[in-house]
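A.B. asks: Using this note's numbering, you'd call the opening residue of the sequence shown number 162 and step up by one each time.
Encoded as structure tokens, here's the structure I'll be asking about.
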Amino acid sequence: GEILAAILPRAETDKDGNFHIDHLRWGTYKLFAMKQTDGYPDTTFAFYSNNVFPTVTLIPNATSPRLVLKLGPRAGVITGTIQNGHKNGSIAGKVVLRRKENPAYFLAQSVGPDFEVLVPSGTAVKLEVEVPGYQNWRYSSHGSDSLVLAPGEKRHLVIRLNRLSVQ
Numbered sequence: 162g163e164i165l166a167a168i169l170p171r172a173e174t175d176k177d178g179n180f181h182i183d184h185l186r187w188g189t190y191k192l193f194a195m196k197q198t199d200g201y202p203d204t205t206f207a208f209y210s211n212n213v214f215p216t217v218t219l220i221p222n223a224t225s226p227r228l229v230l231k232l233g234p235r236a237g238v239i240t241g242t243i244q245n246g247h248k249n250g251s252i253a254g255k256v257v258l259r260r261k262e263n264p265a266y267f268l269a270q271s272v273g274p275d276f277e278v279l280v281p282s283g284t285a286v287k288l289e290v291e292v293p294g295y296q297n298w299r300y301s302s303h304g305s306d307s308l309v310l311a312p313g314e315k316r317h318l319v320i321r322l323n324r325l326s327v328q
């Protein structure tokens, strides 16, 4: 089969928040925005956008569209430390987050012993931590297997993993 690759037009905003993209062809475009350092995740991932994107359609003989693309809401932030449950020390692993209502939308990220991940705010997510040789850890609190964070809310977790027993 043939693999098609597309270069997505991209622009960074100026100091006033304006951007300009030249040389687009006629057609419909999905718009994505991010500023992860300020808590606005990369919405090209369905995990963050729920696969809903603003679009713009460019047609011949039309004036250049003026678009206002707003970031937000800010994501929630999970910070954590992954620890060996049997002896002192922290370990690296993989964090897997899934939308509770649609587990097909997920984020799997390799992390160090101390990590930070962005979570879509107001969205119930399930959290699992995986480290080879250890039992997987799943978030659970007060009888719930998912967590919901408000925009900008930070939650710190200390995750203690137990080694798998050797038989």
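All C-beta atoms in this analysis are idealised placements derived from N, C-alpha and C, irrespective of residue type, glycine included.
As the structure is a prediction and not an experimental result, all values here were calculated from the model.
Could you work out which residue in 265, 320, 199, 248 is closest to residue 314 when comparing CA atoms only?
C.D. replies: 199
A.B. asks: Give me the residue from 254, 284, 251 with the minimum Cα distance to residue 267.
C.D. replies: Residue nearest to residue 267 within the set 254, 284, 251 is 284 (criterion: CA-CA distance).
A.B. asks: Less than 8 Å between the CB atoms is what I'm expecting for residue 239 and residue 278, so what's the real figure, rounded?
C.D. replies: 5 Å
A.B. asks: Taking only three categories from DSSP, how would you classify residue 199?
C.D. replies: helix
A.B. asks: Quick check: the Cα distance between residue 294 and residue 326, rounded to an integer number of angstroms?
C.D. replies: 9 Å
A.B. asks: Does the distance between the C-beta of residue 285 and the nearest non-hydrogen atom of the ligand MG fall short of 7 Å?
C.D. replies: Of ligands this structure carries none, so the ligand MG is not represented either.
A.B. asks: Pick from 282, 305, 306: whose alpha carbon is nearest that of residue 208?
C.D. replies: 282
A.B. asks: Buried or exposed: residue 174, going by 16 or more other Cβ atoms within 10 Å of its Cβ?
C.D. replies: Of the other Cβ atoms in all chains shown, fewer than 16 fall within 10 Å of the Cβ of residue 174; this residue is therefore exposed.
A.B. asks: Which of helix, strand or coil does DSSP assign to residue 209?
C.D. replies: In the displayed model, residue 209 falls within a helix according to three-state DSSP.
A.B. asks: Excluding the five sequence neighbours on either side, which residues of its own chain have a C-beta within less than 7 Å of the C-beta of residue 182, listed in chain order?
C.D. replies: 170, 172
A.B. asks: Answer yes or no: do residue 254 and residue 317 have a C-beta to C-beta separation smaller than 8 Å?
C.D. replies: no
A.B. asks: Please return the same chain residues whose Cβ sits closer than 6 Å to the Cβ of residue 329, not counting the five positions on each side in sequence.
C.D. replies: Lying before the first or after the last residue shown, residue 329 is absent from the chain, which here runs from 162 to 328.
A.B. asks: Between 216, 177, 179, which has its C-alpha nearest residue 189's C-alpha?
C.D. replies: Nearest option by C-alpha distance: 216.
A.B. asks: Measuring only the C-alpha atoms, how far is residue 166 from residue 204?
C.D. replies: Only weak support is given to the placement of residue 166: the predicted model assigns it a pLDDT of 49, under 50, and the question is left unresolved by the model.
A.B. asks: Once DSSP output is grouped into helix, strand and coil, what is the label at residue 180?
C.D. replies: coil
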